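**Student:** I have a structure I would like to understand better, so I am pasting it below and will then ask my questions one at a time.
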Amino acid sequence: MNILLMGLPGAGKGTQSEMISTDYSLVHIATGDIFREAIKNETELGLLAKSYTDNGNLVPDDVTNSLVKERLAQNDVSENGFMLDGYPRTLNQAEALDKNLNDLNETLDAVIYIDVDKEVLKDRLSGRFICRNCGATYHKLYNPPKVEDTCDTCGSHDFYQREDDKPEKVSHRIELQMDSIRPILEHYQDAGILHQINGEDSIESVYRNIRGILGE
Ligand code: ADP
Ligand code: AMP
């Protein structure tokens, strides 16, 4: 099975994808995570991406498209299926993805758009924190670790807040992506594979809806 998980920043893609990739054994490909890892390791890609991600802008399409193309061509993807998270984010990326999948003889089974109001997104991003060791995502009010200051997944006590989740960066990211995501939704609506779900429900309820779409 090959799926896309779409939504504006803070919609819950990372939170839901942790559960989906475990239950459905899909290869999880999150372009934001790939860029953050490259920036941390100061690779050529990281140096290029940093100026864009720091300002909440999108990394240019040609860079992002070739990165995803390379990743989709790896064996684990054809063996297990994939879940793309945070890609495509422009119509150009959606068209490049269509072409790549066509070349690989793969198809998309479902596109899930997690719909959340802009003000709710701001509130979520301002309270988001992440485990530095394993990348698990939490929220100080809505999704805290079960034991204070201890990651549920790996037991680490080392958390951080993303630089681009600072309030002055958040509005720009949301506005920019609202504009670029609209034509992509139309694109997949026309293809008959778009599922829009209400992302303002609880984490468990959103996941139940996703399972309903993907099948038990
Ligand atoms: P994305 O990957 O789409 O940017 P995240 O999965 O990181 O979003 O979620 C953003 C923040 O909102 C995190 O702090 C997360 O714990 C919280 N969150 C995710 N889903 C929900 C939900 N359904 N209700 C309340 N908070 C949520
Ligand atoms: P995310 O973790 O998905 O919120 O992404 C973090 C940042 O990485 C974004 O603000 C962009 O700068 C960059 N990024 C992630 N995915 C894409 C994409 N598909 N196209 C362009 N830039 C992206």
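Be aware that the sequence shown starts at -3, since it is given in our numbering, and climbs by one per residue. Idealized CB from N, CA, C, for every residue including glycine. All figures in this text were calculated on a predicted structure; none of them were measured in a lab.
(1) In the region 70 to 123, which residue ranges form an unbroken beta strand (DSSP E) of at least 3 residues, counting only runs that do not cross its ends?
(2) Would you mind reading off the limits of the alpha helix (DSSP H) that contains Ile43?
(3) I'd like the span of the beta strand (DSSP E) that includes His24, first residue to last.
(4) At which residue ranges does the region 155 to 207 contain complete alpha helix (DSSP H) runs of 4 or more residues, listed in the order of the chain?
(5) According to the neighbour-count rule (16 or more other Cβ atoms, all chains shown, within 10 Å of its Cβ), is Pro84 buried or exposed?
(6) Measure the C-alpha to C-alpha separation of Glu144 and Cys150 and round it to an integer number of angstroms.
(7) Should Asn61 be labelled buried (16 or more other beta-carbon atoms within 10 Å of its own) or exposed?
(8) Is the CB-CB distance between Pro141 and Asp148 below 7 angstroms?
(9) Could you pull the DSSP bridge partners for Leu1 from this structure?
(10) Which residues does DSSP pair with Asn139 in a beta bridge?
(11) Across which residues does DSSP place Ile227 in a beta bridge pair?
(12) Around the C-beta of Thr103, are 16 or more other C-beta atoms found within 10 angstroms, so that it is buried, or is it exposed?
(13) Can you name the start and end residues of the alpha helix (DSSP H) that Glu14 belongs to?
(14) How many Å lie between Leu1 and Val23 at the Cα?
**Tutor:** So, to answer that:
(1) 78 to 81, 106 to 111
(2) Correcting the residue type first, residue 43 is Leu in the shown sequence and not Ile. Unbroken alpha helix (DSSP H) run through Leu43: 40 to 50.
(3) 23 to 26
(4) 163 to 186
(5) buried
(6) 13 angstroms
(7) buried
(8) yes
(9) Asp81, Ile108
(10) His135
(11) Outside the displayed range of the chain (-3 to 212) lies residue 227, so it cannot be described from this structure.
(12) exposed
(13) 9 to 20
(14) 12 angstroms
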